[in-house]
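Residue numbers (numbering that gives the first Met the number 0): 0 to 75. For reference, the structure discussed in these notes is given below.
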Amino acid sequence: MEGLNLGFGLAACIVVGFALGWLLDQRLALETPWFTIGLTLVGFAAGMREVAAISRRLEKRSERERREREEGRGGP
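Structure (structure tokens):
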């Protein structure tokens with residue numbers, strides 16, 4: 000189930016970064032969308048970090064399950 004969260008987590012981080020940047024640009028009445036661009040990139044980086052963390056957890060769980068299956072077959 001955790002694997003399904005990979006895409007959603009990445010998209011959510013990007014959307015939140017974009018929304019915060021857009022709000023700041025609107026509040027400060029900036030002519031160029033620097034906060035939108037910057038915070039969208041920060042959101043992307045945060046999303047990629049989250050994807051990497053979830054991937055590592057899934058890999059460790061898969062390795063542990065594989066070892067448990069192998070140990071179960073090798074017994075008497």
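Quick reminder that beta carbons are idealized off the backbone N, C-alpha and C, glycines included.
- Closest by C-alpha distance to F43, out of L5, L9, L3, is L9.
- In the three-state reduction of the DSSP assignment, T39 falls in the helix class, which pools H, G and I.
- By the 16-neighbour rule on beta-carbons within 10 angstroms, F17 is buried.
- Per DSSP, reduced to three states, the secondary structure at A28 is coil, with no helix or strand assignment.
- G71 and S61 have their alpha carbons spaced roughly 15 Å apart.
- Relative to V14, the option among R68, A51, I36 whose CA is nearest is I36.
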